[in-house]
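Peer 1: As they're listed, the protein sequences go chains A and B.
Counting from 303, one number per residue, gives the positions in the first sequence under this note's numbering.
Counting from 18, one number per residue, gives the positions in the second sequence under this note's numbering.
Below is the structure I would like to discuss, written out as C-alpha cells.
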Amino acid sequence: MRGDARPFLTLASFSRDTPAVSDAVPQVALRVRNLRKTYKDVVAVDGVDFEVRAGECFGLLGPNGAGKTTTVEICEGLTAADSGDVLVLDMRWDSAAGEIRQRLGIQLQETQLSEKLTVMETVVLFRSFFRQGPEASAVIAQVQLGEKTRSRVGELSGGQKQRLALACALVGDPAFLFLDEPTTGLDPQGRRQLWDLIEQFKAAGRTIFLTTHYMEEAERLCDRVAIMDHGKIIALGTPRALVASIAPGHVVEFSAGNPANEVDVSAVRRLDGVSSVRTQDGSVSMNVTELHRAVPALLGELSRQGVPLTELRIHSASLEDVFVTLAGRRLHDELRS
Amino acid sequence: MVSVASRPLAQLTLMRFREFLREPEALFWVFVFPVLLAAGLGVAFRNRPADAIKIAAITPEMAKSLRQEKLLDVQELSMRTGEEALRAGNVALLAEPGPGGTVVYRYDDANPEGRTARILADRAVQRAAGRADPVGTADVLMREPGSRYIDFLIPGLLGMNLMGSAIWGLGFAIVDARRKKLMKRLIATPMPRAYYLLSFVLSRLSLLVIEVGALVGFGALVFHVPLRGSLFVLSTLCVLGSLSFSALGLLIASRARTIEAVSGLMNLVMMPMWIVSGVFFSARRFPDALQPVISALPLTALIDALRANMLQGASFPQLARQLGILAGWLVISFALALKLFRWR
Chain A
303 MRGDARPFLT LASFSRDTPA VSDAVPQVAL RVRNLRKTYK DVVAVDGVDF EVRAGECFGL
363 LGPNGAGKTT TVEICEGLTA ADSGDVLVLD MRWDSAAGEI RQRLGIQLQE TQLSEKLTVM
423 ETVVLFRSFF RQGPEASAVI AQVQLGEKTR SRVGELSGGQ KQRLALACAL VGDPAFLFLD
483 EPTTGLDPQG RRQLWDLIEQ FKAAGRTIFL TTHYMEEAER LCDRVAIMDH GKIIALGTPR
543 ALVASIAPGH VVEFSAGNPA NEVDVSAVRR LDGVSSVRTQ DGSVSMNVTE LHRAVPALLG
603 ELSRQGVPLT ELRIHSASLE DVFVTLAGRR LHDELRS
Chain B
18 MVSVASRPLA QLTLMRFREF LREPEALFWV FVFPVLLAAG LGVAFRNRPA DAIKIAAITP
78 EMAKSLRQEK LLDVQELSMR TGEEALRAGN VALLAEPGPG GTVVYRYDDA NPEGRTARIL
138 ADRAVQRAAG RADPVGTADV LMREPGSRYI DFLIPGLLGM NLMGSAIWGL GFAIVDARRK
198 KLMKRLIATP MPRAYYLLSF VLSRLSLLVI EVGALVGFGA LVFHVPLRGS LFVLSTLCVL
258 GSLSFSALGL LIASRARTIE AVSGLMNLVM MPMWIVSGVF FSARRFPDAL QPVISALPLT
318 ALIDALRANM LQGASFPQLA RQLGILAGWL VISFALALKL FRWR
C-alpha cells in the first residue's frame, strides 16, 4: 500500500537526500472519526468524521465559530478531544507525537513571530527543530522573501508575515501541511500571492489541509471541501459536486414590494425552472435550473401581483449558495451585521 | 559534526539574546539603571567631614562666641529674617538674647540636626563665658571602607537587580510569547519543551556575568566597596539567586495571558521585598514579630548572604541558612510552575 503513495512525494522544489521508508505517506493522510470537543457549555466540535487523502488539498469551510480551528488543532495535537479518534499519517498523537511533529508543517491562525528577529534568524530557528529539511535560504526563496532575508519580522507587511509563517511550516520538508485560515486579514494582492504558493505545493504533491471562511478560496484551492457549521459537517465533496447537488445552475436574488405590499412567495415557488426558494431579511433567493425560463416567469409573476421590483441579482451557484441552502443563512452574516 | 544552526537549544538561547539585546529599554534597566542608582545614592550619602550646621544669631556678640565652634556655620540675622530662616529650614537653630543675660535657643527638637545644633551652640556659649571641661576626651574616627552606606547599598542593589532582571525577563517574555501565540506555534514543532524553558535559564546566566560585573565592578572601582569573600562564593550566590528568582518568574508567568495581568502579579510579589528585604535600609528595622517572615523571603536571604560575603568575607558554612532558603524557593517555585504552566 505504501508504495502507491510514492508518487505524491515527487517534489518539484526540494529533493530529499535519502527517502526513508517512514517518509511514505499512507493513502489516507488524516482520518478523523466521531470527534467531539466541548468548552464549558459550548459544543465546539459535535461528532465530526472525515478523511484527508494523500496528495489532495482538503478544505474545511465554515463561518467563524463553526469549530474549524478546534477541529484542526485537535488534528495537530495541540488540543485534546473529549472523544473520537484521529489518525495522522497512520500514527496517533498519544503514542507517536514526536514522530508526527517531525512530518507535519503547521501554520496557526494569528501567530505573531518574534518582531525582533530577522527573517533568516526566524527560519533558522524553526529549521533547527527538524531532523531534515531544506536550507533556510531555500525556504525563504520559495516563499519569495529572498529580498527580506535580513529584515526584522516587525518591518514586514501582513502578506510577507503570512509567507514567513508559511516558510516556518515548510522547514521540515513536510509531507502534510496544515494551514489554518492562511489568508485571513490579507489584502487581495497578498491573498493571490499566497494562493499561488499553495498551488505550487499542491503541484509538488504535498497533502494540504486548510481551513477558510472564504468560499472563493476553497473553490480555487481545494480538491474536496467539508462545510462546517455549529460543530458539525453539513456537506462534504468536491466543490463542483457540492454546487451541483445543492444549487444547480444559477441563483437569482431579488427584493420587491414593501411591508404594505408583499410578494406572494408561494406563487414564486411554483414558477417554471425554479428548484428552491428561501427568504431572508425581505429578500428572496431562488436556485434556478433554467435561467431563460425562470427570469421572464418571475418578472411576469411580479407584475401580475402588482409588486414593484427593487433589486435583482443573478449569479452562478457557488459554495456560498451551498452554505446558504444548508445552513439557512449567509457565510459572513456575522461580519456584515 | 552538528553546527550551531542545527541545535535547537542554541537557537532558542540565541533568540533570547537577540530579543533582549535589540530592546534598548531593557538594556538600560538591567545594566545602566543600577549603576546610576548606586552612583547617585553613593554621592548623596558619601562620607565627608561632618558638615557644619547652619544656625543664626541675633546679636553680634552672640555670633562671635558661637563662631568659636568649628561645627557651626553662624549667620547674623535680624529677629524677623532669623525667624523666617528657621521656619524655612535654612538654619537649624536661632540663638537670641533672653531676659536677664540668658540665651534662648529656638529649634525643632524633632529634627536631629536641631538637637545637635542646640548641644554645640550651648557648648560654645558656655565655653565663651568661661566654662572649663572637667574631663579630657579624645576622638577616633571610623571612615574605612566596609562600614559606609555605599558598602551597605551595593550588595542590596545587586540583590534587587538579580530579582528584577530574572522576574521581569522571564515574566514578560513568556507571557508575550503566549499572548502572541508564538509559544503555541513553537510547541507545534518537534521542539523539546524543556529546551524552551532551559533557553531562558542559559541566556539569564550569561547576562548575569555582565550584570553583576557592571555593578560590583563599579562599586569596587569608584567607591572602593570591599570584596572580602571569595569570588567563587559570590558567583555561586548570584547564580543561585538568579535561578531562584527565575523559577519564581516562571511561576508568576505560568498562567497569565496578558501583560497587564503578569505585571500586576510581578509587582505584587516584588514590591514587598523591595521594602522589607533590606535593599536600602536594614531589614532589622521592622518589628521582631515580622522577622521570621522577612528572613524567609528570597531577596532577604540573597542580600544578607551577599553582604556577609562581600563585607565580612563569609563563606559557605556561614551562609548555609541563606543558601538553604534560596534553594527551597528554587525547588518549590519550579515544581509548582511546571505543574501549572500553560503552553498555549
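Where a beta carbon is used, it is the ideal one built from N, C-alpha and C, also for glycine.
Please report how far the alpha carbon of B:R104 lies from the alpha carbon of B:G186, in whole angstroms.
Peer 2: Mapped onto the second sequence, residue 104 of chain B falls at position 87. Mapped onto the second sequence, residue 186 of chain B falls at position 169. Taking the straight line joining both Cα atoms gives about 48 angstroms.
Peer 1: What does DSSP give as the partner residues of A:I402 in its beta bridges?
Peer 2: Residue 402 of chain A sits at position 100 when you count from the first residue of the first sequence. Per DSSP, none; premise fails for A:I402.
Peer 1: May I ask you to list, following chain order, the residues of the segment 196-209 of chain B that have a beta carbon less than 9 angstroms from some beta carbon of chain A?
Peer 2: Residues R196, K197, K198, L199, K201, R202, L203, I204, A205, T206, P207, M208 and P209.
Peer 1: Along the segment 32-57 of chain B, where does the CB come closer than 8 angstroms to a CB of chain A? Name the residues.
Peer 2: Those residues of the segment 32-57 of chain B that come within reach of chain A (Cβ to Cβ, closer than 8 angstroms) are M32, R35, E36, R39 and E40.
Peer 1: Does the beta carbon of B:L29 come closer than 9 angstroms to any beta carbon on chain A?
Peer 2: What you label residue 29 of chain B is simply residue 12 of the second sequence in a count that begins at 1. Interface residue, yes.
Peer 1: Starting from B:P25, find everything on chain A with Cβ-Cβ shorter than 7 angstroms and list it in chain order.
Peer 2: Indexing the second sequence from 1 puts residue 25 of chain B at position 8. The contacting residues are S430 and F431.
Peer 1: Can you tell me whether DSSP reads A:A322 as helix, strand or coil?
Peer 2: Locating residue 322 of chain A in the first sequence gives position 20, counting from the first residue. Legend: pLDDT at A:A322 = 41, less than 50; position of this residue unreliable, value from coordinates given subsequently. Looking at A:A322 - three-state DSSP - the assignment turns out to be coil, as it is neither helix nor strand.
Peer 1: Going by beta carbon distance, what residues of the same chain come within less than 7 angstroms of A:S453, once the five residues before and after it are set aside?
Peer 2: The residue you call residue 453 of chain A lines up with position 151 of the first sequence. Within the same chain, A:S453 has close Cβ partners T420 and V421.
Peer 1: So that I know if they touch, is there some Cβ in chain A lying closer than 9 angstroms to that of B:R272?
Peer 2: Taking the second sequence and counting its residues from 1, one reaches residue 272 of chain B at position 255. Cβ-Cβ to chain A under 9 angstroms: no for B:R272.
Peer 1: Three-state secondary structure (DSSP) at B:I349?
Peer 2: The count along the second sequence starts at 1 and reaches residue 349 of chain B at position 332. In this structure, B:I349 counts as helix in the three-state DSSP scheme.
Peer 1: Below 8 angstroms on the Cβ atoms is my contact criterion, and I expect A:V374 with A:L415 to pass it. Report the Cβ-Cβ distance as a whole number of Å.
Peer 2: Indexing the first sequence from 1 puts residue 374 of chain A at position 72. Indexing the first sequence from 1 puts residue 415 of chain A at position 113. The pair is not a contact, with the Cβ atoms about 19 angstroms apart (cut-off 8 angstroms).
Peer 1: Is the segment 27-42 of chain B in contact with the segment 205-219 of chain B, if contact means three or more CB pairs nearer than 8 angstroms?
Peer 2: Touching, yes.
Peer 1: Under three-state DSSP, which class holds B:M208?
Peer 2: Here the question's residue 208 of chain B lines up with position 191 in the second sequence. B:M208 falls in the coil class under three-state DSSP.
Peer 1: Can you tell me which of A:M393, A:F511, A:L406 and A:R615 puts its alpha carbon nearest to the alpha carbon of A:L363?
Peer 2: Reading the first sequence from its first residue, position 61 is the one you call residue 363 of chain A. Of A:M393, A:F511, A:L406 and A:R615, the residue nearest in Cα terms is A:F511.
Peer 1: Counting only beta-carbon atoms, is A:R308 nearer than 9 angstroms to chain B?
Peer 2: Within the first sequence, residue 308 of chain A is the residue found at index 6, counting from 1. In this prediction, A:R308 scores a pLDDT of 37, lower than 50, which makes its location untrustworthy; the coordinate-derived value is nonetheless stated afterwards. Taking Cβ atoms only, chain B never reaches closer than 9 angstroms to A:R308, which makes this a no.
Peer 1: What's the gap between the Cα of B:L343 and the Cα of B:A318?
Peer 2: The residue given as residue 343 of chain B occupies position 326 in the second sequence. The residue given as residue 318 of chain B occupies position 301 in the second sequence. So the two alpha carbons sit approximately 7 angstroms from each other.
Peer 1: Is A:A356 helix, strand or coil by DSSP?
Peer 2: Counting from 1 along the first sequence, the entry for residue 356 of chain A is found at position 54. Coil.
Peer 1: What is the DSSP secondary structure of A:T381, reduced to helix, strand or coil?
Peer 2: Here residue 381 of chain A is taken as the residue at index 79 of the first sequence, counted from 1. Three-state DSSP puts A:T381 in coil, outside helix and strand.
Peer 1: Can you tell me which of B:S350, B:I227, B:V192 and B:A237 puts its alpha carbon nearest to the alpha carbon of B:S263?
Peer 2: Here residue 263 of chain B refers to the residue found at position 246 when the second sequence is read from its first residue. Comparing Cα positions, the closest option is B:S350.
Peer 1: Using Cβ-Cβ distances below 7 angstroms, what residues of the segment 403-427 of chain A are close to chain B?
Peer 2: Answer set for the segment 403-427 of chain A: R403, Q404, I408, L410, E412, T413, Q414, L415, S416, K418, L419, E423, V426 and L427.
Peer 1: Could you give the first and the last residue of the continuous alpha helix (DSSP H) run that contains A:S547?
Peer 2: Within the first sequence, the letter at position 245 stands for residue 547 of chain A. Taken as a continuous stretch (DSSP letters only), the alpha helix (DSSP H) holding A:S547 covers P541 to I548.
Peer 1: Cutting at 7 angstroms between CB atoms, please list the residues of its own chain near B:A270, excluding the five before and the five after it.
Peer 2: Mapped onto the second sequence, residue 270 of chain B falls at position 253. Answer for B:A270: L187, G188, I191, V192 and V279, listed in chain order.
Peer 1: Helix, strand or coil for A:T312? Go by DSSP, reduced to three states.
Peer 2: Within the first sequence, residue 312 of chain A is the residue found at index 10, counting from 1. Only weak support is given to the placement of A:T312: the predicted model assigns it a pLDDT of 35, under 50, and the question is left unresolved by the model.
Peer 1: Can you have a look at B:D156 and say buried or exposed, based on whether 16 or more other CB atoms are within 10 angstroms of its CB?
Peer 2: Working through the second sequence from its first residue, we reach residue 156 of chain B at position 139. So B:D156 counts as exposed.
Peer 1: Going residue by residue through the segment 35-86 of chain B, where are the continuous alpha helix (DSSP H) segments of at least 4 residues, counting only ones entirely within it?
Peer 2: Listed in chain order, they are 41-44, 50-61 and 77-83.
Peer 1: Which ranges would you report for the alpha helix (DSSP H) in the segment 432-512 of chain A if only whole runs of at least 4 residues count?
Peer 2: Qualifying alpha helix (DSSP H) stretches, in chain order: 438-444, 460-472 and 490-505.
Peer 1: How big is the Cα-Cα spacing for A:L427 and A:V354?
Peer 2: Taking the first residue of the first sequence as position 1, residue 427 of chain A is located at position 125. Taking the first residue of the first sequence as position 1, residue 354 of chain A is located at position 52. Taking the straight line from one Cα to the other gives about 30 angstroms.
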